[in-house]
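Chains as they are written, first to last, in the numbering used here: chain A, 1 to 295; chain B, 1001 to 1235.
Cβ atoms here follow ideal geometry from the backbone N, Cα and C, with glycine treated the same way.
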Ligand SMILES: Nc1ncnc2c1ncn2[C@@H]1O[C@H](COP(=O)(O)OP(=O)(O)O)[C@@H](O)[C@H]1O
Ligand SMILES: [Mg+2]
């Protein structure tokens, strides 16, 4: 019985982990290229969730269409945010960019509240389900997982095989070296920032398949924390590391939920919510260079 | 080929260059000497545009390029072997060389350029697939020069290329530089701490001190003046 429950939760955890992975790739990309920790990260996930909700409920469009729309909206927001705020802060002390991204996060939350109100909302995309001996999986979650793998592979291909992806890698390694090779480093900063935000907004689309009534202007903060933990797990500047760490985090989170539920007298849900804090705490103990320390 | 006039620049609000001027003649080796902290690195970075000039004028092949962005200067054939190498240590030797040919024009000639750098530095061909970070100090310096050659330059600026190398390797680096000038017709602006070797290699010399050009002239004249040697070069 417990094993069935565990197997079921781990399956859901793996599917959700793919989404976590994509949600963290953008954070790692931005940190790797411009050395900025985006404290408003989760709010961009929230934007993706609302894009999906609006397209579905107001226009009747499927989440599959929301994915490219989210990428375009995300990249546009990324370029806007970069050229208005971030560009001047790349060489400024870390505190300046932390405050700026924090402020942009709050701005997005309040704008969302102004437009949509503070209620929890959701939608139901009925595309059938798969019945396994130990659990039932809605097809929508499976599609989200496939989507996350497709996005990760796409990013991997861009990174390792294309000219602009190689330029991004060279800037991550040594921006001065990239400059003397003739890489337009300032453009690579802007492009990576926009793609990082674009991927993050896309992950918000995928996430909606897992939170049937959880779309809300303030949903982002929890995912910022999770993304930090996953990014540290994955090695901070490596988008692939982030993806695999996301899968691991999804498994641990959902496995832990099952186990917490066995302990009499505890509330497994709230304990699971604090799990990310505990993981971050222990990671920083083991890796004292902390979030901002490279390697 | 390159003319720098009254250039001023620095970091934040700290001014480092106070209007030095210099000229690099086509197909020659020009040497820029001066003590640590004089502003030599800052001057090369300002010429390439990774530091924005505050004032003054930079002309390259009769064209004003003072505020041209770095990647466009690389397109025009200006190349830098930076101080501290700035290699991509997690990439292979081959990938580093391919990065050197990043600009479209350089990419068209990549096969010829690769053949050229492998003939200049056969050890790089042997270590083709190895990560740049695993090379010895001398090999890394060769890779840095090779990467600059891959950009298909007309002019190469080298910032202390012999820094930290054993004497035998220092001699090798200077031989390579002279070969680039004599055999491949490249124009060279060489920043060095190694005064003796630079005076031997160069056809014209500038001495930078506290952000200003204090002395310029033929290497023979500078070698011959005890005053100059004592005041600026410590030899
Ligand atoms: N990135 C930097 N930020 C602030 N000051 C710098 C920086 N790089 C160099 N400087 C300062 O500029 C001056 C000139 O340095 P530099 O151009 O490196 O001299 P050189 O190459 O002749 O040794 C020095 O006083 C140095 O401390
Ligand atoms: Mg220097």
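### Query
Roughly how many angstroms separate the alpha carbons of residue 232 of chain A and residue 1134 of chain B, rounded to a whole number?
Mapped onto the first chain, residue 232 of chain A falls at position 232. Mapped onto the second chain, residue 1134 of chain B falls at position 134. Rounded to the nearest angstrom, the two C-alpha atoms are 26 angstroms apart.
### Task
For the region 1129-1145 of chain B, enumerate the residues whose C-beta is nearer than 8 angstroms to any C-beta of chain A, in chain order.
none
#### Entry: Distance cut-off 7 angstroms: residue 1083 of chain B Cβ against heavy atoms of ligand 2
Counting from one through the second chain, the residue named residue 1083 of chain B turns up at place 83. Yes, ligand 2 has a heavy atom inside 7 angstroms of this Cβ.
### Same chain, Cβ closer than 6 angstroms to residue 1138 of chain B, five either side skipped, listed in chain order
Numbered from 1 along the second chain, position 138 holds the residue referred to as residue 1138 of chain B. Within its own chain, the residues whose Cβ lies closer than 6 angstroms to the Cβ of residue 1138 of chain B, once the five positions on either side in sequence are excluded, are 1165, 1169, listed in chain order.
### Query
With a cut-off of 8 angstroms, does the C-beta of residue 222 of chain A fall near any C-beta of chain B?
Here residue 222 of chain A corresponds to residue number 222 of the first chain, with the count starting at 1. Answer no: the Cβ-Cβ gap between residue 222 of chain A and chain B never drops below 8 angstroms.
### Query
Bridge partners of residue 1055 of chain B, per DSSP?
Indexing the second chain from 1 puts residue 1055 of chain B at position 55. Beta-bridge pairing links residue 1055 of chain B to B:1008.
### Task
Anything in the region 183-210 of chain A with a Cβ closer than 7 angstroms to a Cβ of chain B? List those residues in chain order, please.
Flagged, chain order: 183, 184.
### Message
Please tell me whether residue 113 of chain A and residue 264 of chain A are closer than 8 angstroms, where the distance is taken between their beta carbons.
### Response
As a working note, residue 113 of chain A is residue 113 in the first chain. As a working note, residue 264 of chain A is residue 264 in the first chain. No, they are not a contact pair.
### Message
Below 7 angstroms, is the gap between the Cβ of residue 1160 of chain B and the nearest heavy atom of ligand 2?
### Response
Here residue 1160 of chain B is taken as the residue at index 160 of the second chain, counted from 1. Yes.
### Query
Can you give the Cα-Cα distance for residue 292 of chain A and residue 237 of chain A, rounded to whole angstroms?
Along the first chain, read from residue 1 onward, the residue named residue 292 of chain A stands at position 292. Along the first chain, read from residue 1 onward, the residue named residue 237 of chain A stands at position 237. Residue confidence for residue 292 of chain A is low, a pLDDT of 42 falling below 50, so the modelled location carries little weight; the figure read from the coordinates is stated next. When the Cα atoms are used, residue 292 of chain A and residue 237 of chain A turn out to be separated by approximately 10 angstroms.
### ligand 1 site residues, beta-carbon cut 5 angstroms against heavy atoms
Result (chain order): B:1011, B:1016, B:1036, B:1037, B:1038, B:1039, B:1040, B:1041, B:1042.
### Message
Does the CB of residue 87 of chain A have a neighbour CB from chain B at under 8 angstroms?
### Response
Taking the first chain and counting its residues from 1, one reaches residue 87 of chain A at position 87. Chain B contact via Cβ: absent.
### Query
Counting along the chain, where does the alpha helix (DSSP H) carrying residue 32 of chain A start and finish?
As a working note, residue 32 of chain A is residue 32 in the first chain. Counting along the chain, the alpha helix (DSSP H) containing residue 32 of chain A begins and ends at 2-34.
### Message
I need the straight-line Cα distance from residue 1177 of chain B to residue 1073 of chain B, nearest angstrom please.
### Response
As a working note, residue 1177 of chain B is residue 177 in the second chain. As a working note, residue 1073 of chain B is residue 73 in the second chain. Computed Cα separation, rounded: 21 angstroms.
### Message
Can you pull out the residues from the region 1072-1102 of chain B whose beta carbon lies closer than 9 angstroms to at least one beta carbon of chain A?
### Response
Within the region 1072-1102 of chain B, the residues whose Cβ lies closer than 9 angstroms to some Cβ of chain A are 1072, 1073, 1074, 1075, 1079, 1080, 1081, 1082, 1084, 1085, 1086, 1087, 1088, 1089, 1090, 1091, 1095, 1096, 1098, 1099, 1100, 1101, 1102, listed in chain order.
### Buried or exposed (CB count within 10 angstroms, at least 16 for buried), residue 1086 of chain B
The sequence position of residue 1086 of chain B within the second chain is 86, counting from 1. Label assigned to residue 1086 of chain B: buried.
### Message
Assuming contact is defined by CB atoms lying nearer than 8 angstroms, are residue 142 of chain A and residue 130 of chain A in contact in what I supplied?
### Response
Position 142 of the first chain, counted from the start, is the residue given in the question as residue 142 of chain A. Position 130 of the first chain, counted from the start, is the residue given in the question as residue 130 of chain A. Yes, the pair counts as a contact, with Cβ atoms nearer than the cut-off.
### Query
If residue 1117 of chain B sits next to residue 1124 of chain B, beta carbons under 8 angstroms apart, how far is it from one beta carbon to the other, in whole angstroms?
In the second chain, residue 1117 of chain B corresponds to position 117, counting from 1. In the second chain, residue 1124 of chain B corresponds to position 124, counting from 1. About 7 angstroms; that satisfies the 8 angstroms criterion.
### Task
Spell out whether any CB of chain A is found under 8 angstroms from the CB atom of residue 1011 of chain B.
Taking the second chain and counting its residues from 1, the one referred to as residue 1011 of chain B is at position 11. Closer than 8 angstroms: no.
### Task
Under 7 angstroms between beta-carbons, which chain A residues line up against residue 962 of chain B? List them in chain order, please.
This structure cannot speak to residue 962 of chain B, because chain B is shown only from 1001 to 1235.
### Task
Can you tell me which of A:269, A:278, A:261, A:252 puts its alpha carbon nearest to the alpha carbon of residue 17 of chain A?
Within the first chain, residue 17 of chain A is the residue found at index 17, counting from 1. Considering only alpha carbons, the answer is A:252.
### Query
Would you say residue 4 of chain A reaches chain B, if we count a Cβ-Cβ gap shorter than 8 angstroms as a contact?
Locating residue 4 of chain A in the first chain gives position 4, counting from the first residue. Answer no: the Cβ-Cβ gap between residue 4 of chain A and chain B never drops below 8 angstroms.
### Query
Given a limit of 8 angstroms on CB to CB distance, which residues of the region 154-173 of chain A reach chain B?
163, 166, 167, 169, 170, 173
### Query
Residues of chain A with CB under 9 angstroms from residue 1147 of chain B, in chain order?
Here residue 1147 of chain B is taken as the residue at index 147 of the second chain, counted from 1. Near residue 1147 of chain B (Cβ distances below 9 angstroms), the residues of chain A are 177, 180, 181.
#### Entry: Residue span of the alpha helix (DSSP H) that contains residue 109 of chain A, given as start and end
What you label residue 109 of chain A is simply residue 109 of the first chain in a count that begins at 1. Residue 109 of chain A -> alpha helix (DSSP H) spans 94-116.
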